[in-house]
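Comments concern the structure below.
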């Protein structure tokens, strides 16, 4: 077994110490620590591993508790960190198969590898089925050496052909001069067995939208115990109807709708200002209303 020990961040103060211990067969780990597990991800358990190769280079790795290398880079002798720099990991998120009307969560990490603050100004998905629940107009500041974890939800709404891929690119606007590489997401949506779905649902329900507050889009979900005629409408605080999103007969089961406050085809007005709004579901005799917040 290779002996291990903890050390502080690798810098000029402890470079000699790291090299010395490596010569005795002791591999030094930085104090990454452990956090609680994130669903379907090992990033919460990642720690840093430092391997010194004589005096000319150092291998830095992010390693999960299961021993999987999540990311790595080689730092050569004489290297000086950039003032503003960042690493995005992983570069690909694979959601595998996801049933329509459900959602699946994954994450990516932004690590500030520079010496100045990293500013994330905007994050945008090219496909509304892939949601990054943050307020796009608010900047996020990441200190040198710190990281930020971003959640990505995949919420499929329609399956044109069973077994086909659904994908997107998540672009990240920041103060990094050369820009940051986008995160590629892919998934395979499918329609669940409607008979099994019907047998598992015994009541009507309207769920809280996600994300909330939102800008500009959010997902509204509901379930139907039996097939019936459904309307889903948006109202302002004065009770004025803003939009009719659903007005049709629907089968029993889970359903969802991606409401986009910038989509004029969904609205009775040209645009919506920031504020409190209400969405109301009518399904037969079932009526339920919930509040949500648009924050630009």
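Numbering (my numbering), first residue to last: 1372 to 1667.
Note that the Cβ used here is the ideal one computed from N, Cα and C, for glycine as well.
- Rounded to whole angstroms, residue 1540 and residue 1466 show a C-alpha spacing of 14 Å.
- In the DSSP annotation of this structure, the continuous segment of the beta strand (DSSP E) that includes residue 1524 starts and ends at 1518–1525.
- For residue 1667, the secondary structure class from DSSP, reduced to helix, strand or coil, is coil.
- Taking residue 1503 as reference, the option from 1665, 1523, 1489, 1517 with the minimal CA-CA separation is 1523.
- Look at residue 1637 here: in three-state DSSP terms it is helix.
- Within the same chain, and ignoring the five residues on either side of residue 1428 in sequence, the residues whose Cβ sits closer than 7 Å to its Cβ are 1445, 1446, 1447, 1448.
- Per the Cβ contact rule, the segment 1459–1476 is not in contact with the segment 1609–1617 (fewer than 3 Cβ pairs under 8 Å).
- Residue range 1599–1607 is occupied by the beta strand (DSSP E) that includes residue 1607.
- According to the DSSP assignment, residue 1649 belongs to the beta strand (DSSP E) that extends over 1646–1654.
- For residue 1624, the enclosing beta strand (DSSP E) has its first and last residue at 1624–1631.
- The beta carbon of residue 1576 is closer than 7 Å to those of 1593, 1594 in its chain, skipping five residues each way along the sequence.
- Cβ contact annotation for residue 1606 (same chain, cutoff 7 Å, sequence separation greater than five): 1612, 1613, 1648, 1649, 1651, in chain order.
- When the beta-carbon positions are compared, residue 1586 and residue 1538 stay at least 8 Å from each other.
- About 7 Å separates the CB atoms of residue 1591 and residue 1627; that is less than 8 Å, so the two are in contact.
- Burial is judged here by how many other beta carbons sit within 10 angstroms of a residue's own beta carbon; residue 1630 has at least 16 and is buried.
- For residue 1493, the closest C-alpha among the options 1542, 1603, 1470, 1472 is that of 1542.
- Between the alpha carbons of residue 1661 and residue 1486 lies a distance of about 45 Å.
- Residue 1618 and residue 1520 have their C-alpha atoms spaced approximately 38 Å apart.
- For the set 1515, 1636, 1640, 1482, the Cα lying nearest the Cα of residue 1552 is the one of 1482.
- CA-CA distance, residue 1666 to residue 1584, rounds to 6 Å.
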